[in-house]
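The listed protein sequences correspond, in order, to chains A and B. Mapping to full-length UniProt numbering: the first sequence position 16 is 16, numbers consecutive. Mapping to full-length UniProt numbering: the second sequence position 92 is 92, numbers consecutive. Yeah, the Cβ is synthetic: ideal placement off N, Cα and C, and Gly gets one too. Just so it is clear, the structure is predicted and the values come from calculations on it, not from any experiment.
There are 2 protein chains.
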Amino acid sequence: MSTPGRGLHGQVLDTLGPDITAGKYPPGSVLRTDELAQRFEVSRSVMREAVRVLESMHLVESRRRVGVTVLPECEWNVYDPQVIRWRLAGADRPRQLRSLTVLRSAVEPVAAGLAARHATSEQCAELTECALGMVANSRGHKLEGYLFHDVAFHRVILTASGNEMFARLGDVVAEVLAGRTHHDVMFEDPDPAAVTLHVQVAEAVRERDAERAERLTREITVGALQELDILAP
Amino acid sequence: MSTPGRGLHGQVLDTLGPDITAGKYPPGSVLRTDELAQRFEVSRSVMREAVRVLESMHLVESRRRVGVTVLPECEWNVYDPQVIRWRLAGADRPRQLRSLTVLRSAVEPVAAGLAARHATSEQCAELTECALGMVANSRGHKLEGYLFHDVAFHRVILTASGNEMFARLGDVVAEVLAGRTHHDVMFEDPDPAAVTLHVQVAEAVRERDAERAERLTREITVGALQELDILAP
DNA sequence: GGGAACAAAAAGTCAGATTTATTTGTCACA
DNA sequence: TGTGACAAATAAATCTGACTTTTTGTTCCC
Numbered sequence: 001m002s003t004p005g006r007g008l009h010g011q012v013l014d015t016l017g018p019d020i021t022a023g024k025y026p027p028g029s030v031l032r033t034d035e036l037a038q039r040f041e042v043s044r045s046v047m048r049e050a051v052r053v054l055e056s057m058h059l060v061e062s063r064r065r066v067g068v069t070v071l072p073e074c075e076w077n078v079y080d081p082q083v084i085r086w087r088l089a090g091a092d093r094p095r096q097l098r099s100l101t102v103l104r105s106a107v108e109p110v111a112a113g114l115a116a117r118h119a120t121s122e123q124c125a126e127l128t129e130c131a132l133g134m135v136a137n138s139r140g141h142k143l144e145g146y147l148f149h150d151v152a153f154h155r156v157i158l159t160a161s162g163n164e165m166f167a168r169l170g171d172v173v174a175e176v177l178a179g180r181t182h183h184d185v186m187f188e189d190p191d192p193a194a195v196t197l198h199v200q201v202a203e204a205v206r207e208r209d210a211e212r213a214e215r216l217t218r219e220i221t222v223g224a225l226q227e228l229d230i231l232a233p
Numbered sequence: 001m002s003t004p005g006r007g008l009h010g011q012v013l014d015t016l017g018p019d020i021t022a023g024k025y026p027p028g029s030v031l032r033t034d035e036l037a038q039r040f041e042v043s044r045s046v047m048r049e050a051v052r053v054l055e056s057m058h059l060v061e062s063r064r065r066v067g068v069t070v071l072p073e074c075e076w077n078v079y080d081p082q083v084i085r086w087r088l089a090g091a092d093r094p095r096q097l098r099s100l101t102v103l104r105s106a107v108e109p110v111a112a113g114l115a116a117r118h119a120t121s122e123q124c125a126e127l128t129e130c131a132l133g134m135v136a137n138s139r140g141h142k143l144e145g146y147l148f149h150d151v152a153f154h155r156v157i158l159t160a161s162g163n164e165m166f167a168r169l170g171d172v173v174a175e176v177l178a179g180r181t182h183h184d185v186m187f188e189d190p191d192p193a194a195v196t197l198h199v200q201v202a203e204a205v206r207e208r209d210a211e212r213a214e215r216l217t218r219e220i221t222v223g224a225l226q227e228l229d230i231l232a233p
């Protein structure tokens, strides 16, 4: 996944990024460039490049005479795919998954509604194909095959919405779905009701029924929220 | 706004970033570090830092023996606040505003529903205060005062939702609202119906009525969509 | 006790040398 | 003619050391 170690500075980030997002250095901690360069056995220039990237993610702030200060969590660019991966790999993975699932529950229904209006006929076909793939893999512990088509399905919806911001959430959704299948408990076959809903969403989009596509997708995301016990009592 | 020119590499980014996001260098264009360093009259090290930042935003890709390649728009980290600002400052500002407004319409209603469940009493008080501020500035061409309270209102909603991903959209919403007031036509006083809706949302949150808060906020965002002529025929 | 001058610390900048990976072209051999 | 290996060219990647600038804290004098 992603691009591990594209250059020395990338390798430094692969350790330093997760360390920071994991809270190893509490907000306000001060690091010094020279010290870091020594620790990672790289030149100062390489270390500076790494710091610049962390700075662009608002994970740290570099100030003269002070050093590289770790910023509080509320400043981080939590939409940066790299930051998301680092956080998902760390200890607060569960909390991160909850945040992302709530985001999904807000975005995907609207995206589905837009997809019903803007999807090309190719995208409609893709969608149907994905839904059928999900059905075909919904019984008999074929979880990987199911996941593959599930991810593809939601990617098509987000892309077909015609909104670039939605489209870019495809990777996030993929990460969340993969996380649910691999890390969390999902020994059993997927919920048949969920499978049916996906098929119906594909139908609704094909029939240009925006309202129905939105409502059905909302049911899917409500299910995702319930799996994580996120809901009102 | 933001932090212009934090170091030489920042100044380089202030021109190179907008240039790239404006499409001045079409996707696939190849830039060379040395050439750029000469053009901007900075050392190669500074140029490299700038390139690293652009690379972390997925605006460009740097490869040996090839150079710095500009990536297609679909690769960009469109949620990066810096990228958003650059694009809003450029020629496709209208398209960007539409994307962001659609995102708002998806996120804010859900955020309001969550805020009704999780808002602290201080946040409820803030919300009421903001709504009252909007009312007070809703007549007599007090657009700046209105904008100030409007931005604050939506920030509180997003923060009070308790979801960090939502909270981080505060700046985006601020940008969109400011854009509407300053750039687009808004000579007249704001729509009285919108003002009333804000007051009612504050009420709903205070009374912990999640469903009503969500529904009312959806009405607000539908209004925002209509202003930009984004809606079904 | 307050303000100005001074000193130290750390990031910021630059320039040159060197290394490394990738592409591209060439040449020999099948 | 095509294909493989090998060599050269190229531009990024890295390292190093010297120098600059800004900020902060201290000290000294009034």
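Have a look at the options and flag the residue whose alpha-carbon is nearest the alpha-carbon of residue i.
i	options	result
residue 199 of chain B	B:157, B:180 and B:188	B:157
residue 98 of chain B	B:172, B:134 and B:191	B:172
residue 46 of chain A	A:176, A:91, A:33 and A:142	A:33
residue 167 of chain A	A:151, A:178 and A:181	A:151
residue 48 of chain B	A:9, A:38 and A:80	A:9
residue 108 of chain B	B:170, B:7, B:183 and B:64	B:170
residue 249 of chain B	B:76, B:191 and B:40	With chain B represented from 1 up to 233, any question about residue 249 of chain B goes unanswered, as that position is not in the structure.
residue 94 of chain A	A:208, A:175 and A:204	A:175
residue 120 of chain A	A:144, A:145, A:161 and A:229	A:161
residue 182 of chain B	B:165, B:159, B:146 and B:193	B:146
residue 230 of chain A	A:79, A:96 and A:40	A:96
residue 125 of chain B	B:37, B:178, B:206 and B:57	B:206
residue 208 of chain A	A:87, A:80 and A:123	A:123
residue 165 of chain B	B:79, B:139, B:7 and B:64	B:79
residue 55 of chain B	B:13, B:139 and B:24	B:13
residue 132 of chain A	A:143, A:153 and A:144	A:153
residue 39 of chain B	B:24, B:61 and B:16	B:16
residue 57 of chain A	A:100, A:178, A:84 and A:41	A:84
residue 6 of chain A	B:43, B:178 and B:61	B:61
Counting only C-beta atoms, is residue i closer than 7 Å to chain A at any point?
i	result
residue 78 of chain B	yes
residue 106 of chain B	yes
residue 138 of chain B	no
residue 88 of chain B	no
residue 45 of chain B	yes
residue 168 of chain B	yes
residue 103 of chain B	yes
residue 70 of chain B	no
residue 49 of chain B	yes
residue 205 of chain B	no
residue 110 of chain B	yes
residue 56 of chain B	yes
residue 233 of chain B	Note on residue 233 of chain B: pLDDT 47, under 50, position unreliable in the model; the coordinate value appears next. Chain A contact via Cβ: absent.
Consider the Cβ of residue i: report whether some Cβ of chain B lies at a distance smaller than 7 Å.
i	result
residue 180 of chain A	no
residue 52 of chain A	yes
residue 129 of chain A	no
residue 165 of chain A	yes
residue 83 of chain A	no
residue 156 of chain A	no
residue 99 of chain A	yes
Please classify residue i as buried or exposed, where buried requires at least 16 other C-beta atoms within 10 Å of its C-beta.
i	result
residue 82 of chain A	buried
residue 74 of chain B	exposed
residue 221 of chain A	buried
residue 191 of chain A	exposed
residue 159 of chain B	buried
residue 116 of chain A	buried
residue 210 of chain B	buried
residue 63 of chain B	exposed
residue 214 of chain B	buried
Using a threshold of 7 Å, state whether the C-beta atoms of residue i and residue j are closer than that.
i	j	result
residue 202 of chain A	residue 114 of chain A	no
residue 51 of chain B	residue 68 of chain B	yes
residue 163 of chain B	residue 102 of chain A	yes
residue 20 of chain B	residue 71 of chain B	no
residue 130 of chain B	residue 149 of chain B	yes
residue 90 of chain B	residue 18 of chain B	yes
residue 217 of chain A	residue 106 of chain A	no
residue 224 of chain A	residue 212 of chain A	no
residue 53 of chain A	residue 134 of chain A	no
residue 189 of chain A	residue 139 of chain A	yes
residue 219 of chain B	residue 197 of chain B	yes
Taking a cut of 7 Å between CB atoms, which residues from the region 3-23 of chain A lie near chain B? Result list: 9.
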